[in-house]
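In this note's numbering, the protein residues as written are -6 to 132.
Here the structure comes first, spelled out in structure tokens, and everything after it is commentary.
Take a look at the structure:
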């Protein structure tokens, strides 16, 4: 006899007025630059990435995750990769590191979010999350 078990869908409880809500973020800042750094550092940590960075259209670093790496050269090529004009060939300690880039526009300015290292799924997820966080922080 074959009995099928359905996977149970678990939902978080809805917020209730008058009760304290639970803040999911451990650290929060009212300063936009610090908030961006916290968001990018969290994304890099969550995704097991080497670095996550936010770059303007001219290749200047706007924000980056906390890392010991010098990301200036990576920032410089990010807009070129984001426009589809180049394929990134980034090496770290002789090992090829994959890079994902996405574009967003805020107040008429084009910005690029780049993630280095990790696997494709983690990079894609964290780049999308970082785009959303950047919109929220800079809105």
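Glycine included, each C-beta is placed from N, C-alpha and C at the ideal position.
{"query": "Burial state of residue 119 (16 or more Cβ within 10 Å)", "result": "buried"}
{"query": "Straight-line Cα distance separating residue 100 from residue 134", "result": "Not covered by the structure: residue 134. The range shown for the chain is -6 to 132."}
{"query": "DSSP-derived helix/strand/coil call for residue 82", "result": "coil"}
{"query": "Per DSSP, the bridge partner or partners of residue 71", "result": "According to DSSP, residue 71 bridges with nothing at all."}
{"query": "Host alpha helix (DSSP H) of residue 34 (start-end)", "result": "25 to 40"}
{"query": "Beta-bridge partners of residue 106, as assigned by DSSP", "result": "47 and 95"}
{"query": "Residue closest to residue 121, alpha-carbon to alpha-carbon, out of 39, 3 and 22", "result": "39"}
{"query": "Reference residue 34; option with closest CA among 67, 44 and 71", "result": "44"}
{"query": "8 Å contact criterion, which residue 52 and residue 72 should meet: CB distance rounded", "result": "5 Å"}
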